[in-house]
Amino acid sequence: MSFELPIDHVMPQVIDALRQTGRVVLQAPPGAGKTTRVPLAMLDAGLTSGRIIMLEPRRLAARAAAERMSATLGEDVGQTVGFRVRGASAIGPNTRIEVVTEGILTRMLQDNPDLPGVGAVVFDEFHERSLNADLGLALCLEVAGALRDDLLLVAMSATLDAAPVATLMDAPIVTSEGRSFPVTPRWLDRPVGTQRFEQAMADLVIHALETAPGSALVFLPGEGEIRRVESALKDRLPPDCTLAPLFGAMEFKAQRAAIAPAITGRKVVLATSIAETSLTIEGIQIVVDGGRARRARFDPSSGMSRLVTDRVTRAEATQRAGRAGRVSEGVAFKLWTRGEEGALAAFPPAEIEVGDLSSFALELAMWGARAADLNFVTPPHDGRLAEAQGVLQMLGALDHAGRITDHGRALARLPLPPRLAHMVAKGGPRAPTLAAILSERDPLRGAPIDLALRMDAVAGKRTLGEVNHATLARIRQEAKRLARGQSVQGPDTLGVLAALAYPDRVALRRKGDAPRFVMSGGKGAVIQDNDPMAGERLIVATDLDGDPREARIRQAVRLSDADLRDTFPDQIVWHDVCIWSRREGRVLTRQQERFGALVLDDRAWSDAPPEDIARAMLDGVRQLGMMPGKAAALFLARARLMGENFPNFSDAHLMETIQDWLLPHLTRVRSSGDWKAFDLLPALTARLSWDEQQMLDKAVPAHFTTPLGRKLAIDYDGAQPQISLRLQEVFGVTRHPMIAGQPLQVTLLSPAQRPVQVTTDLPGFWAGSYADVRKDMRARYPRHPWPEDPTQADPTLRVKPRGT
């Protein structure tokens, strides 16, 4: 180690912590040198006689770290230091340090939980919080506690909130000082506003190159933005600058060229977040940060992931800026104002919070543990984990008790997500190629969505769209690798293979002109009108944009009815359907052949049982609400005056208990019209016993019997019960009539049936305003009796004979 790095100053503390406790959390800013220095220092200190396994989140970072450590030792990769990544490795018999991608550790643990021959595990760039890193640490902690108390564990990060990890590991924290060289931040004077992102970035890059020395590393969210900024810069770059894109889908040779030092002049590297990690790009003194990051977000309700572009967090911005201070003083130009920086979130979400948990759930089942049995920095959400376990049960990887099956063990051994692993395990010779296509970005730009076109491109046939030859090369290489492990020669039709992986995304075209589909999992999807597959009846949607309401299909394949029936014979069944249709306002009785949410055949069900129709009509009643006729409304008004010791007749309670009291009466009701004409009174009164009916009639009668024996219907529609009758008919009444403990409102009418007084206190009326009413009424109706003392008069409806 010919030159000193900041990490060297704390290396004695790291080694001492490992000797004393066997664990350490190392917090070291970008440029400190932790990735290349720590494993070599552990080896030099003789802490273990076993191999040191160091995890990196990306293949490029793993290979680059191994190469730099080997160069430090003056050796070729594969001697003291080697690497293992998907599709490539350089390991020899004398290798002591292995740099691996994170999924490889999980496989090692599942195959041999005691990690024979391994003395230490180092989790580099742990702040990225990938699912594999979180799971790997949890498994290592359990192994160290139960099988290997000698296993050394190190978690390293540039921007990690170290305290929770240290608590989880029961480990000391060692913090390294800052970068090798200071980095000066430069913010915008004012927000970008309406200017296009790519144009604003191109302008900022030119400004950075004109005002600061050295090569530049430009952070952009994805390949599309890289290509557009590259196009915007081509005619504007200073003559001593060359452009070098850097993203994950590039060939490894092109990636290595991007991180190599410029042969002459300066280099401008346009990179995704791949350059945030432990890569050292020679000559970089300028960082231009677009402030955006692309993340995968998984929606468990739809079973789909989608890429979203978010603002970077403060931790990511710090990590990116640190790239400018690795070899000399640097400058970090940011496409946001200083004021906007305060609104940035502190850390990005962990993958365990936002990612697809199906592979994670499969590994847990393979380990034979529940998530609650292991220690995680961020435990998985119970509901989302249950959704992932449901997918695995659908694939046959877990049984109904959640235990892993033999098929699940086979899937766990394949280097694929469970869905694609299931397809390869069950499918024919073309399954590995299709799995490789579905694992990669689309190799055809601007082509129709048909997956068959991608298969043709991989086979070297002429096809539609712009071909990405680098992507095709990776697909062919991965397909060969997957084919070597395939043992089952099953179905080989593209539609069937895709349906094996995505049984919940078999899609049936809806009726109508628009190319809209419903998927077997219940979600909606749409195809562009001009796509050749827009008119297909059945397809399998293998790639969607993740819109939770109606996803746009980006890749799909045709599926015949016969292939669907042959592939899922046990899941295609006839259902007797008796449901309320909100749109048609009636009960529909159908017999339907279904696959999940898809209706493959639909026939009339003419002899549906009346009880099934009645049960479906309950949903109609819940939608339409109570529609009591005049008699039922009167009954409800009376019953609601009875108080707490009487059956509850409120609308809310009636709707809650509707199945108990209404269902037996609905056998002839099957539409909104029938319900509107339905007499609710018998069903309502049936809720009362004979004694309760008598109580109701006595306390809240339907009629008022006048002193002359006439029955008047009591009106219960208003704020209180009321009647109207001729004033003379209540002569002699000295106690006001009461209903359910409150006075009956009485409207007293003139002989011409016009109101003369409204009262709830007849004795008060007789003693008070009756005299004025009498004076006025005697003059208008002289043939009618108007006694001075109505309390002593007899009630009457008669008039005096003429001439008297």
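Under the numbering used here, the letters of the sequence shown match residues 924 to 1727, in that order. We treat Cβ as the ideally placed atom computed from N, Cα and C, and that holds for glycine.
Counted as a single uninterrupted DSSP element, the alpha helix (DSSP H) harbouring Val-1066 occupies residues 1054 to 1069. Per DSSP, reduced to three states, the secondary structure at Trp-1709 is coil, with no helix or strand assignment.
The C-alpha of Arg-1030 lies about 8 angstroms from the C-alpha of Arg-1336. For Ala-1625, the closest alpha carbon among the candidates Gly-1655, Ala-1663, Asp-1614 is that of Ala-1663. In the DSSP assignment, the residues bridged to Pro-1108 are Ala-1255. Remark: C-beta atoms of Ala-1320 and Ala-1273 do not approach each other more closely than 9 angstroms. Ranked by Cα distance from Pro-1532, the options Phe-1558, Ile-1502, Gly-1552 are led by Ile-1502. Boundaries of the alpha helix (DSSP H) harbouring Ile-1581: 1581 to 1584, taken from the DSSP string.
His-1050 sits buried, since 16 or more C-beta atoms from the chains shown fall within 10 Å of its C-beta. Of the residues Leu-1318, Gly-1351, Ala-1359, the one whose Cα lies closest to the Cα of Arg-1342 is Leu-1318. According to the DSSP assignment, Leu-1076 belongs to the beta strand (DSSP E) that extends over 1075 to 1080. About 13 angstroms separates the beta carbons of Ala-1562 and Trp-1584, which is beyond the 8 angstroms limit, so they are not a contact pair.
Taken through DSSP and simplified to helix, strand or coil, Phe-1142 comes out as strand. Secondary structure note for Ser-1362: its alpha helix (DSSP H) is the uninterrupted segment 1354 to 1362.
The beta carbon of Leu-941 sits closer than 6 angstroms to the beta carbons of Val-947, Leu-970, Leu-1075 from its chain, once the five residues preceding and following it are set aside; these are given in chain order. Secondary structure in the region 996 to 1048: the beta strand (DSSP E) runs of 3 residues or longer, each lying completely within the stretch, are 1004 to 1008, 1011 to 1013, 1020 to 1024, 1041 to 1046 in chain order. A distance below 8 angstroms between beta-carbons, with the five flanking residues on each side excluded, links Leu-1367 to the following residues of its chain, in chain order: Leu-1376, Arg-1377, Ala-1380, Thr-1386, Leu-1387, Gly-1388, Glu-1389, Val-1390, Asn-1391.
Contact check between the region 1644 to 1662 and the region 1674 to 1687: three or more CB pairs, one atom from each, fall below 8 angstroms, which counts as touching. With 16 or more other Cβ atoms inside 10 Å of its own Cβ, Asn-1055 counts as buried. Residue state for Gly-1447 is assigned as strand, using DSSP reduced to three classes. Glu-1534 and Asn-1298 have their C-alpha atoms spaced approximately 53 angstroms apart. Assigned with DSSP and collapsed to three states, Val-1300 falls in coil, not helix or strand. Judged by DSSP in its simplified three-state form, His-1323 adopts coil rather than helix or strand. In the three-state reduction of the DSSP assignment, Arg-1593 falls in the coil class. Rounded to whole angstroms, the gap between the alpha carbons of Val-1088 and Leu-1060 is 10 angstroms.
For Ser-1647, the enclosing beta strand (DSSP E) has its first and last residue at 1645 to 1649. Beyond the five residues adjoining it in sequence on each side, Arg-1701 comes within less than 8 angstroms, by CB distance, of Trp-1709 in the same chain, given in chain order.
Put simply, the backbone Cα of Gly-1005 is about 18 angstroms away from that of Leu-1038. Sequence-distant Cβ neighbours of Pro-1551 in its own chain, meaning closer than 7 angstroms and more than five residues away, are Leu-1559, Leu-1603.
Contact between the region 981 to 992 and the region 926 to 939 is absent: fewer than 3 CB-CB pairs across the two stretches fall below 8 angstroms.
Ala-1194 places its beta carbon less than 9 angstroms from that of Val-1141. Between Met-1079 and Ile-1020, the CB-CB gap reaches or exceeds 9 angstroms. Between Phe-1601 and the set Arg-1633, Thr-1236, Ala-1555, Glu-1121, the nearest pair of CA atoms involves Ala-1555. If you ignore the 5 residues before and after Leu-1334, its C-beta comes within less than 8 angstroms of the C-beta of Leu-1285, Leu-1318, Ala-1320, Pro-1341, Ala-1344, His-1345, Ala-1348, all in its own chain and listed in chain order. In the structure shown, Ala-1269 falls within a coil segment according to DSSP collapsed to helix, strand and coil.
DSSP, reduced to helix, strand and coil, places Arg-1159 outside both helices and strands of the structure shown, so it counts as coil.
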